[in-house]
Every structure is written in C-alpha cells, then in structure tokens.
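Asks:
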Amino acid sequence: MLAIHACRCGKSPDRRLDAMIALAVFPSLGDLVVLSTGVWQHADGSRVRALLYSASRTAASTLVPNGCWLEVRAGEAQILGDQGAWSGFHSIEAIAICIAALRARLNQKRYNTHGEEF
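Final position of the sequence shown in our numbering is 124; the numbers increase by one with none missing.
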C-alpha cells in the first residue's frame with residue numbers, strides 16, 4: 007500500500023501524507039473534486055477534510071480498526087486484535103500509529119470474518 011510506504015518515508019507531519027492516508031482508508035474520496043490538499047468537495051457542495059493523521063495521535067487513532075486496540079511505546083505503535091498484531095515504527099508517534107493501523111486495515115481487506123482470503 008502506497009500510504010504505508012509514504013508514512014515510513016515521511017520526515018514530518020504533512021498534509022499530502024494526510025490526504026494519501028485518507029484516500030487509502032476512504033477510496034471513494036478519489037471520485038470527489040479536489041479543492042486543495044486533503045480537501046474534497048461532494049456534488050452538493052459539501053466538503054470533506056482529511057484529519058491531521060500524521061500530526062495528531064487522536065486523529066491517527068481513528069484509523070485503528072474496530073475490535074482492535076492500540077499500544078504505543080517509544081517509536082513503536084502496535085495494533086492488536088483477534089486476527090493478529092501489526093506494528094508501525096517511526097520517530098513521530100502519530101505516523102507510527104498510522105503505519106500500524108494501515109497494516110491492520112490492509113489485513114482486514116484481505117481476509118473476511120472466517121479468515122478466508124477474498
């Protein structure tokens with residue numbers, strides 16, 4: 007997933023990174039009109055703004071899949087759930103959380119509730 011690679015390479019919080027994460031989690035944003043980096047517009051004129059995933063622990067934590075929990079230790083974030091554990095390493099805590107959460111979400115996309123690959 008490109009968003010995971012971008013997070014791993016990120017040197018600091020960045021709106022381009024936030025937009026990439028939002029598009030990875032909510033692919034239908036790609037169908038909307040882009041107003042600016044991380045801001046999209048629906049046909050009715052309403053707007054959607056990517057959270058500050060790369061800068062905010064609170065925003066990054068919203069990426070943790072349902073049924074999983076988050077543990078953070080110096081430079082490492084771990085998402086744990088009944089399907090496994092996924093780690094993210096980065097000097098910026100919010101980005102470490104993003105990496106781990108995106109890895110967990112990628113796993114959920116690959117497997118349905120019975121553990122069978124789609």
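Yeah, the Cβ is synthetic: ideal placement off N, Cα and C, and Gly gets one too.
Since the model is a prediction, treat every value here as computed from it, not as a measurement.
Apart from the five residues on each side of it in sequence, which residues of its chain come closer than 6 angstroms, Cβ to Cβ, to arginine 21?
Replies: Excluding residues within five positions, the ones whose Cβ falls inside 6 angstroms are Thr43 and Gly44.
Asks: CA-CA distance, leucine 29 and arginine 14?
Replies: Looking at the two C-alpha atoms, the distance is approximately 17 angstroms.
Asks: What residues in its chain sit with their C-beta under 8 angstroms from that of asparagine 113, if we drop five residues either side in the sequence?
Replies: Cβ neighbours of asparagine 113 beyond the five flanking positions: Gln89, Gly90 and Trp92.
Asks: Identify whether serine 62 lies in helix, strand or coil by the three-state DSSP scheme.
Replies: Coil.
Asks: How would you call arginine 53, buried or exposed, if buried means at least 16 neighbouring beta carbons within 10 angstroms?
Replies: So arginine 53 ends up on the exposed side.
Asks: Could you tell me which of Ala102, Lys115 and Ala80 sits nearest to alanine 12, measuring between CA atoms?
Replies: Closest by alpha carbon: Ala102.
Asks: Report the option in Gly81, Met26, Arg63 and Trp75 whose CA atom is closest to the CA atom of arginine 55.
Replies: The candidate whose alpha carbon is nearest that of arginine 55 is Met26.
Asks: Am I right that serine 62 and alanine 106 are in contact with their C-beta atoms under 8 angstroms? What's the rounded C-beta distance?
Replies: With a Cβ gap of about 15 angstroms, serine 62 and alanine 106 do not count as contacting.
Asks: Using three-state DSSP, classify valine 70 as helix, strand or coil.
Replies: Looking at valine 70 - three-state DSSP - the assignment turns out to be coil, as it is neither helix nor strand.
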